[in-house]
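In my numbering, the protein residues as written are 2 to 119.
By construction, the Cβ of each residue, glycine as well, lies at the ideal position given by its N, Cα and C atoms.
These numbers were taken from a predicted model, which means no experiment stands behind them.
In what follows, a structure is listed as structure tokens, so that the remarks can point back to it.
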């Protein structure tokens, strides 16, 4: 299952409040591109019966069946890329172009004991 950091959750709650979308879950989508990398999308949306739904960090998340496998073990974070420039980032070990940030605690802890080929 994917997760989100406390920083991402706070920004999601703020966006829901500011956009008058409180009460709607956040839909997270992923699709594999021709080069094997993964493209992401997210927005507030009504859930449907086929969705995987869960709550993490107090945020309701829905994921369509087509995206579930691509988002397995992914982490959504909200980070400062440049001074004053914050952005959502996906850290996803399912993306062949993914490199875990040095010292990123979640994936070091999560991936411990797994081989490179898991």
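In this structure, the beta-carbon distance from residue 39 to residue 27 does not fall below 7 Å. Residue pairing by DSSP puts residue 54 in a beta bridge opposite 63. In the DSSP annotation of this structure, the continuous segment of the beta strand (DSSP E) that includes residue 81 starts and ends at 76-83. Remark: fewer than three beta-carbon pairs, one from each stretch, lie closer than 8 Å, so the stretch 54-70 and the stretch 79-88 are not flagged as touching. Residue 63 is classed as buried because its beta carbon has at least 16 other beta carbons within 10 Å across all chains shown. Its Cα nearest to that of residue 29, the residue 77 stands out among 77, 16 and 51. Per DSSP, residue 21 lies in no beta strand (DSSP E) and is assigned neither H nor E. Apart from sequence neighbours up to five positions away, the residues of its chain that approach residue 91 with a beta-carbon distance below 7 Å are 41, 75 and 77, ordered along the chain. Its chain contains 45 as the residues whose beta carbon lies nearer than 6 Å to that of residue 25, once the 5 sequence neighbours on both sides are disregarded; these appear in chain order. Restricting attention to 79, 70, 80 and 81, the CA atom closest to the CA of residue 96 is found in 70.
Counting along the chain, the unbroken beta strand (DSSP E) around residue 43 starts and ends at 39-45.
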